[in-house]
Structure formats: C-alpha cells, structure tokens
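Written below as structure tokens is the structure these notes are about.
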Amino acid sequence: MVCITGSSFEDFLIISGLLLVQALYGFYTIFLNRILALGFSSLFLIFTGSFVAAIVLLPFAILFERKKWPARITAAIIVQFCLIALGGVTMFQGLLLLGIKRTTPAIASAMPNLIPGFVFIIAAILRFEKFSIWCKYSQVKVLGTFVCLGGAIAMSLLQKPTASNILFFLGDSADKNIYKDWLMGCFYLLAAIITASCIMVLQAATMVSFPAPFSLCVITSFIGAILTGILQILTEGKLNAGSANVGISFIILAVVVGSVISSTCVVYQTWCIRKKGPVLVSIFSPIQTVCAASLSMILFGQSISPGSSIGIIIMIIGLYLVLWAKRRESLEPVEDNQNLPHAPLDIEKPLLS
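The numbering of the sequence shown is the UniProt record's numbering, which starts it at 1 and goes up by one.
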C-alpha cells in the first residue's frame with residue numbers, strides 16, 4: 001500500500017496547480033485575441049478589468065496583510081504607487097493588448113519569457129542586483145538574456161503569417177500589409193515586456209517599505225483603472241466598450257472571466273512562491289506558450305512556422321539559463337551584499353499589477 005505524505009501531496013498540488021495556471025493563462029490569451037478582434041476596446045477592458053481585480057483581491061489584502069500595512073504612508077510611497085499603476089496597468093497592459101491583437105496567442109504568450117533576463121539587466125545597472133563580470137553566474141545570466149532576446153527576434157522574423165490566419169484573429173482590423181502589421185505587434189509586445197521589467201524593479205523596491213503584495217496590487221489596480229479611464233475619456237471622449245458588435249452580456253463575460261482568472265492565478269502563484277520559492281513558479285511559464293499554441297491549432301487551425309518554433313525554443317532555453325544561474329547564485333554564501341547600496345531583488349517575483 002502506497003502511503004502519501006502531507007509533503008508529497010502538497011508538492012503534487014503545487015505542480016498540478018501551476019500547470020493549470022499556465023493553461024488558464026494560455027486560454028485567456030486566446031480569449032483576449034478574439035474579443036479584441038470583435039472590436040472590444042482595449043482601454044475599456046483594462047479599465048473594467050483592473051477595477052474588478054482590485055475588488056476581488058481586496059478581501060485577501062485585508063485578511064492576510066492588515067498587520068503589514070505601514071502606520072504612515074509617505075509621499076514617496078504614493079508616487080511609487082502611481083508610477084507602478086501607470087506603467088504596470090495602463091502602459092503595460094495597453095501595449096500587451098495591442099501586441100496580442102496584431103499577432104497570435106502563441107507569439108504573445110512567448111514574449112513574457114524575456115522578463116527575468118530584462119529585470120536582471122535593469123536591476124544590475126541600478127545596482128539592486130549583485131553583478132560581477134568575473135562571476136560565472138552573472139555571465140550565464142547575461143548569456144541567457146541575450147539568448148532569450150535572440151529567440152524573440154527569430155520568433156518574430158521567421159514567422160510567415162498567412163492572410164487567413166491573420167484575418168481570423170484580427171477580424172476587420174487586419175491591414176493589407178500583413179507582415180508589417182505582424183512586426184508592429186511584435187514591437188508592441190517587446191515594449192510591453194520592457195515596461196513590465198522596469199515596473200517589476202520599482203515594485204520590488206516599493207515592497208521594501210510596503211511589504212504587502214496583495215495590498216500593493218489592489219491599490220495600483222485601482223489607481224491604474226482610474227488613469228486608464230481618464231485616458232479613454234481624453235482620447236475617445238467617453239468610456240466606450242467598443243463596436244456595436246459588443247453587447248452588454250459579452251462585456252460582463254469578458255470582464256468577469258479576465259478578472260477571475262488573473263486574480264485567482266495571482267493568489268495561487270503568491271502562495272506557491274511562499275511555499276517553494278519564485279524559481280519553481282517561473283520554470284512553468286513556458287507551459288503557457290505550449291498551451292496557447294496547442295489550443296490555437298486545435299480550435300482554429302492556426303499553426304506556427306518551424307522557424308518561429310525554433311525561436312520559441314531558444315527563448316525557453318535562455319529563460320532556463322537565467323533561472324538556473326539565479327538559483328545557483330542564491331545557494332552561494334552571501335559575502336558581497338554589504339557592498340551593494342540596496343538589498344538584492346528577486347528577479348522572478350511576478351508583476352502583481
């Protein structure tokens with residue numbers, strides 16, 4: 001008779017849950033691609049989704065982090081909240097949705113694999129991250145970052161989008177110059193990832209004086225919703241869901257599905273990070289790309305070219321190089337941290353906003 005211990009059951013729960021999280025992210029990327037193709041406004045989606053996500057996460061913030069709230073909120077922390085909301089909600093999500101609309105779910109879900117490497121470079125430049133050109137782990141992280149970037153470029157340039165695929169995913173908004181529109185979509189995705197990487201560094205710095213990730217997510221999501229709503233009013237004259245093809249029931253479905261999936265996954269991943277650390281959670285991120293590509297092929301017959309597939313594989317190899325070096329470095333005796341002007345940041349912590 002096989003005896004299942006509490007520890008082994010917890011490991012099974014964590015691994016199976018992380019697989020499910022990435023599958024949900026892959027499904028949600030396809031869902032976003034379709035609703036944007038139907039004419040749903042990306043700004044309105046960010047506005048409503050961020051507002052609902054803040055409401056969904058608020059009970060978790062009160063329940064688990066009430067004692068962590070600082071007694072006094074300084075002007076500097078408020079400015080950091082606004083910058084995280086502007087970059088992590090309005091800018092990042094806006095650029096991401098523009099990229100998702102112009103490419104395919106598989107490509108869009110592959111780009112976030114660049115984030116750990118970019119965060120390492122930004123944190124090293126700002127001296128938040130321990131870096132030495134003579135350290136083999138630093139060399140591997142730099143190598144992994146460039147391998148990731150090379151894979152992203154190969155993935156973008158080697159994919160030959162067909163008219164039928166692009167017309168299906170982009171609907172009436174598809175441009176006659178399909179390949180140009182495709183490259184613009186990849187550029188938007190890359191800009192979104194760079195923005196997210198910068199915000200993650202700022203977020204980690206903010207959590208030194210405000211060590212409550214759920215509360216930070218609630219505050220910045222709410223501020224981000226306000227900023228996005230103001231942006232849509234200034235650019236379009238009013239809060240508008242999009243084309244006449246988008247009914248009220250569809251709006252509610254899109255907002256609820258997006259908010260529930262993102263909020264639930266954030267809560268679960270945060271619990272997994274506390275249990276097993278950020279590296280394990282990051283290792284599963286390529287599963288999202290596999291799920292998005294598989295679902296796109298099964299449901300819509302949309303395939304990825306061999307060259308683009310090779311680019312995605314190269315990106316995943318680069319990601320694992322960065323994560324391996326980060327993991328090995330964390331096991332080394334910390335001797336040089338006293339010389340750093342700030343405490344080292346953990347580059348794999350997720351963007352909670």
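Quick reminder that beta carbons are idealized off the backbone N, C-alpha and C, glycines included.
Neighbourhood of residue i by C-beta distance below 6 Å, restricted to the same chain and skipping five residues each side
i      : result
Phe47  : Ala225, Thr228 and Gly229
Ile35  : Ala254
Glu65  : Ala212, Phe214 and Ser215
Ser50  : Val89, Ser221, Gly224 and Ala225
Val52  : Val255 and Ser259
Asn165 : In this prediction, Asn165 scores a pLDDT of 49, lower than 50, which makes its location untrustworthy; the coordinate-derived value is nonetheless stated afterwards. Same-chain partners within the cutoff: Gln302.
Residues of its chain near residue i, where Cβ-Cβ distance is below 7 Å and the 5 sequence neighbours each way are ignored
i      : result
Thr22  : The amino acid occupying residue 22 in the given sequence is Gln; Thr does not appear at that position. So the list reads Phe284, Ser285, Ile287, Gln288 and Cys291, once near-sequence residues are dropped.
Leu345 : Any answer about Leu345 is weak, because its pLDDT of 47 lies below 50 and its placement is not dependable; what the coordinates show is given next. Taken in chain order, the residues that qualify are Ala123, Phe128, Glu129, Val201 and Ala204.
Ala192 : Phe92, Leu95, Leu96 and Gly99
Ser132 : Ser138
Leu83  : Leu202
Thr195 : Gly87, Met91, Phe92 and Leu95
Met155 : Ile107, Ala110, Ser308, Gly311, Ile312 and Met315
Asp11  : none
Leu24  : Ile261 and Cys265
Lys68  : Pro211 and Ala212
Three-way DSSP call (helix, strand, coil) for residue i in this model
i      : result
Phe12  : helix
Phe40  : strand
Gly144 : helix
Leu167 : Residue placement at Leu167 is poorly supported in this model, since its pLDDT is 48, which falls under 50; the coordinates still yield a value, given next. Reduced to three states, the DSSP call for Leu167 is helix.
Cys82  : helix
Ser282 : helix
Phe27  : helix
Lys101 : helix
Leu20  : helix
Ser303 : coil
Pro59  : helix
Phe131 : coil
Alpha helix (DSSP H) segment containing residue i, residue limits
i           : result
Trp324      : Pro306 to Leu331
Leu234      : Pro213 to Glu236
Gln269      : Ile248 to Lys276
residue 354 : Outside the modelled stretch of the chain, which goes from 1 to 353, sits residue 354, for which no answer is possible.
Thr74       : Taken as a continuous stretch (DSSP letters only), Thr74 belongs to no alpha helix (DSSP H), as it is neither H nor E.
Ile287      : Pro286 to Phe300
Pro116      : Ile115 to Ile125
Ala106      : Pro105 to Ala110
Gly242      : Premise fails: Gly242 is in no alpha helix (DSSP H) and is neither H nor E.
is_contact[residue i, chain C] using C-beta, thresh 9 Å
i      : result
Ser308 : In the structure shown, chain C cannot be found, because there is only a single protein chain.
Proximity below 9 Å, CB of residue i to CB of residue j
i      : j      : result
Ile314 : Cys186 : no
Phe250 : Phe31  : no
Ala106 : Ser282 : no
Ile312 : Gly151 : yes
Pro116 : Val322 : yes
Ile14  : Lys276 : yes
Phe44  : Asn240 : yes
Tyr320 : Gly144 : yes
Val56  : Ser263 : yes
Leu190 : Leu114 : yes
Phe146 : Gly318 : yes
Ala76  : Phe222 : no
Thr29  : Ile304 : no
Ser209 : Thr74  : yes
Arg102 : Tyr188 : yes
Leu183 : Leu157 : yes
Leu18  : Cys272 : yes
Leu237 : Leu38  : Reading the sequence as shown, one finds Gly at residue 237 and not Leu. Not a contact, by the Cβ cut-off of 9 Å.
Cys198 : Glu329 : no
Residue i Cβ short of 8 Å to the ligand ZN heavy atom set
i     : result
Ile62 : With respect to the ligand ZN, the structure shown offers nothing to examine, as it has no ligands at all.
Nonlocal neighbours in the same chain, by C-beta distance under 8 Å from residue i, ignoring five residues either side
i      : result
Pro112 : Ile193, Ala196, Ser285 and Gln288
Phe60  : Phe214 and Val267
| field | Contact the region 209-225 vs the region 139-147: 3+ CB pairs below 8 Å | value | Not touching, per the Cβ criterion.
| field | At least 3 beta-carbon pairs within less than 8 Å: the region 200-207 vs the region 122-129 | value | Proximity of the region 200-207 to the region 122-129 meets the contact definition, three or more beta-carbon pairs being nearer than 8 Å.
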